[in-house]
Amino acid sequence: MKRILLSITLAMGVALPFAHANDKLIELSKSDENWVLPGKTYSETNYSPMKQINVDNVKTLKPSWSFSTGVLNGHEGTPLVVNNVMYIHTPFPNTTYAVDLKEPGKILWKHVPKQSAAARSVACCDVVNRGLGYWPGDGKTPALILKTLLDGHVVALNAETGEEYWKVENSDYKVGSTLTIAPYVVKDIVLIGSSGAELGVRGYVTAYDVKTGEQKWRAYATGPDEDILLADNFNEKTPQYGQKGLGTETWEGDAWKIGGGTNWGWYAYDPDTNMVYFGTGNPAPWNETMRPGDNKWTMAIWGRDVDTGQAKFAYQKTPHDEWDYAGVNVMMLSEQKDKNGKMRKLLTHPDRNGIIYTLDRETGEMVSADKIDDTVNWVKKVDLETGLPLRDPEFGTRMDHKGRDICPSAMGYHNQGHDSYDPEKERFFMGVNHICMDWEPFMLPYRAGQFFVGATLSMYPGPKGDRQNYTGLGQVKSYDAITGKFDWEVMERFAVWGGTMATAGDLVFYGTLDGYIKARDSRDGKLVWKYRLPSGVIGHPMTYMHDGVQYVAIFYGVGGWPGVGLVFDLDDPTAGLGSVGAFKNIQHYTAMGGGVMVFSLDGKGAYDDPNLGEYAANTSAKSATSDSKDAGKAKAQ
1391 MKRILLSITL AMGVALPFAH ANDKLIELSK SDENWVLPGK TYSETNYSPM KQINVDNVKT
1451 LKPSWSFSTG VLNGHEGTPL VVNNVMYIHT PFPNTTYAVD LKEPGKILWK HVPKQSAAAR
1511 SVACCDVVNR GLGYWPGDGK TPALILKTLL DGHVVALNAE TGEEYWKVEN SDYKVGSTLT
1571 IAPYVVKDIV LIGSSGAELG VRGYVTAYDV KTGEQKWRAY ATGPDEDILL ADNFNEKTPQ
1631 YGQKGLGTET WEGDAWKIGG GTNWGWYAYD PDTNMVYFGT GNPAPWNETM RPGDNKWTMA
1691 IWGRDVDTGQ AKFAYQKTPH DEWDYAGVNV MMLSEQKDKN GKMRKLLTHP DRNGIIYTLD
1751 RETGEMVSAD KIDDTVNWVK KVDLETGLPL RDPEFGTRMD HKGRDICPSA MGYHNQGHDS
1811 YDPEKERFFM GVNHICMDWE PFMLPYRAGQ FFVGATLSMY PGPKGDRQNY TGLGQVKSYD
1871 AITGKFDWEV MERFAVWGGT MATAGDLVFY GTLDGYIKAR DSRDGKLVWK YRLPSGVIGH
1931 PMTYMHDGVQ YVAIFYGVGG WPGVGLVFDL DDPTAGLGSV GAFKNIQHYT AMGGGVMVFS
1991 LDGKGAYDDP NLGEYAANTS AKSATSDSKD AGKAKAQ
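Quick note, my numbering runs 1390 ahead of the 1-based positions in the sequence shown.
Listed below in structure tokens is the structure:
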């Protein structure tokens, strides 16, 4: 592993205990003034208790300020806000900006990394990046901003100056392994996933020492138990899900070595269990005929000890995946009473396969598994005792057969969007895809660094959409994980790709691919506000308080998997792994862009004072006045 360690000054005071930095991050995450994690807190619920902006006054929400990143590809994730500074990331070339909130939009520093442009050619689905990580410092090491680069490197920047502090190579793009994930900081560790299953990359998650970049542990999704880091008591409470030896036994020969299972999505962390939760993705190749067996442990929900990486449990949602239902989606943590009235620590995960899973996050035991939409057809139901999906063979895939009208499509009824949970209402708010597909597999050889898919896809709106006009490709829903019921659901023109944010003001915010940010009444789904943005949205909203004013911010910049046709000017409907056909009409509603738009009630903000940021406003004007008075005195004399 290549590592560049910059000189570190030791004259910055006495180091504080590691736990102190983590406690500080938890404290910051609970503050209204900050947004320091992808979903605000370690529970990753994208929820804010603020209600200065609420369902009664949201109609007066107007732009306060904006910032252009200068990059046109898809902008996923959300900015971070820490101590009066907004940290903004971009897709490739992975530029980072630190922007002053006291003088909004003023650039405090800018970091443009040096990386190989060749990584663009092996990026699966646009050159997106899902965000930044923040570590608050410990008195000896400065506060750091963590970022991933498309070419596989991880970089730590001094949060105050933007200077590189350390840099490591996590992935080798020459064999197709890129990085698009947001770094996830826990204690003195930063967790980094991997990408590239569509090129036969073997997936892994790595923990680095946040202060030095030294690798602390690495856990693979496939292979021998010692590589997967299975704890001695792995799946002790759920032996029916499988235990030891399956990372090789459920594969034919050495197929696990190029078997996928990458994780490029979202993490959550529970300080009480000391476990980090995340999902592994699809097996490689997509053609199921080429990889007999259950292909463990791809497509799994994991609970790992964050200090050691040891897996306490794993549950495989889609054994022997036949549809690219990569299971890396958001993990949201809650504490609720189950159907028997028992208070439990839960993990809820809306999966690409069209099922919303809720597990006991202490044991891995399944609590519920409900269909995101009643049009999901590859599976009849999930057996809660065994955890196994009861498939409908009519919608399976196999060689020399074209599967038709499979719901959901490979994009899933849920993809990378970071959704939200309101703990007061005990409701999850989900941005949903409503897309189905035809699937025709073919054989192909593995070549390192080349696409290893083996299927041709055609995608189109689901049964509730308008298939003639290729609209009705998305939904927004309110879901109760305990009862399995949906309080409300609404259709959208295109997939709601970025996700949602809920607030105590009875609001749920989200962006749309056709270029709007919207707010709905979280109680009934009624649309109460929307604003037209310069470009479509594939990121999720966030909110923060500054000088007594609540702001809502969101990235705009269409792209990602649904936007590859628009971004790269493609017209073959099967191109972009099938997305070009599904989203062929998006070009009529939006164009490329890239930036952040920030809103407040009546557009209130720092620039209400027109003199803010004016050039020499307090010196030149006074000087000119003084000169005029002096000249007048001289003339009078």
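No residue lacks a Cβ here, since even glycine has one placed at the ideal position from N, Cα and C.
Problem - Selected residue, minimal CA-CA separation from VAL1766, among ARG1510, PRO1851, LEU1451 - result: PRO1851
Practice task
Leaving aside the five residues before and after GLY1683 along the sequence, list all residues of the same chain whose C-beta is less than 7 Å from its C-beta, in chain order.
Solution key: THR1640, TRP1641, GLU1642, HIS1710
Handout entry: Exposure of SER1433, with buried meaning 16 or more beta-carbon neighbours within 10 Å
Key = buried
Exercise for the section: Pair every Cβ in the region 1716-1729 with every Cβ in the region 1779-1791, then say whether three or more of these pairs are closer than 8 Å. Expected result: no
Handout entry: Pairwise C-alpha distance: PRO1629 and LEU1462
Key = 48 Å
Handout entry: Under the three-state DSSP convention, the category LYS2028 falls into
Key = Because the chain here runs from 1391 to 2027, residue 2028 falls outside it and cannot be looked at.
Exercise for the section: Please classify VAL1988: does DSSP put it in a helix, a strand, or coil? Expected result: strand
Handout entry: Complete beta strand (DSSP E) runs within the region 1554-1609 (minimum length 3 residues, chain order)
Key = 1554-1559, 1574-1576, 1579-1582, 1594-1599
Problem - LYS1647 (DSSP reduced to helix, strand or coil) - result: helix
Exercise for the section: Specify the secondary structure class of ASP1773 as computed by DSSP and reduced to three states. Expected result: coil
Problem - For LEU1636, the first and last residue of its enclosing alpha helix (DSSP H) - result: 1636-1639
Exercise for the section: Please confirm if the region 1466-1478 is in contact with the region 1961-1969, defined as three or more CB-CB distances below 8 Å between the two stretches. Expected result: no
Problem - Local Cβ density within 10 Å of LEU1534, reported as buried at 16 or more and exposed below that - result: buried
Exercise for the section: Pick helix, strand or coil for VAL1718, following the three-state DSSP scheme. Expected result: coil
Exercise for the section: Using alpha carbons as the reference points, say which of ASN1625, THR1652, ALA1609, GLY1613 lies closest to LEU1619. Expected result: ALA1609
Exercise for the section: State yes or no: is the C-beta of GLY1985 nearer than 6 Å to some heavy atom of the ligand NAD? Expected result: The ligand NAD is not among the ligands present in this structure, which contains no ligands whatsoever.
Handout entry: DSSP state of HIS1824 mapped onto helix, strand, coil
Key = coil
Problem - Beta-carbon separation (whole angstroms), TYR1667 vs ARG1751, contact threshold 8 Å - result: 6 Å
Handout entry: Residues near LYS1854 in its chain [Cβ-Cβ closer than 7 Å; skip 5 each side]
Key = THR1765, HIS1824, GLY1862, MET1881
Exercise for the section: Can you grab the Cα-Cα spacing for the pair CYS1367 / TYR1563, in whole Å? Expected result: Residue 1367 lies beyond the stretch modelled for the chain, which goes from 1391 to 2027, so this question has no answer here.
Exercise for the section: Report the three-state DSSP secondary structure of VAL1666 (helix, strand or coil). Expected result: strand
Problem - PHE1389 versus MET1827, VAL1575, MET1733, residue with shortest Cα-Cα distance - result: Residue 1389 falls outside the range modelled here, since the chain spans only 1391 to 2027, and no answer is possible.
Handout entry: Extent of the continuous alpha helix (DSSP H) run through ILE1618
Key = 1615-1618
Practice task
Would you mind sorting MET1833 into buried or exposed? The rule is 16 or more other CB atoms within 10 Å of its CB.
Solution key: exposed
Problem - Span of the beta strand (DSSP E), counted from its first residue to its last, around GLY1971 - result: Not the beta strand (DSSP E): GLY1971 falls in the alpha helix (DSSP H), residues 1969-1972.
Exercise for the section: Within the region 1515-1548, note down every full beta strand (DSSP E) run reaching 3 residues or more, in order along the chain. Expected result: 1523-1525, 1534-1538, 1543-1548
Problem - Assigned exposure category for VAL1502 - 16 Cβ within 10 Å defines buried - result: exposed
Problem - Coil, strand or helix - TYR1900 by DSSP - result: strand
Problem - Rounded distance between the beta-carbons of GLY1693 and MET1665, thought under 8 Å - result: 5 Å
Practice task
Take the Cβ of GLN1858 as the centre, count every other Cβ of all protein chains shown within 10 Å, and call the residue buried at 16 or more, exposed below.
Solution key: exposed
Practice task
Please look up how many angstroms separate the CB atoms of LEU1589 and GLY1566, rounded, as I've assumed it's under 8 Å.
Solution key: 3 Å
Exercise for the section: Classify ALA1509 as buried or exposed, calling it buried when 16 or more other Cβ atoms lie within 10 Å of its own Cβ. Expected result: buried
Exercise for the section: Answer yes or no: do TYR1906 and ARG1922 have a C-beta to C-beta separation smaller than 7 Å? Expected result: yes
Problem - Beta-carbon proximity of TRP1878 to PRO1952, cut-off 7 Å - result: no
Handout entry: Three-state secondary structure (DSSP) of PRO1494
Key = coil
Problem - Reference LYS1577, options ASP1617, ASP1528, VAL1558, GLU1554, closest by Cα - result: ASP1528
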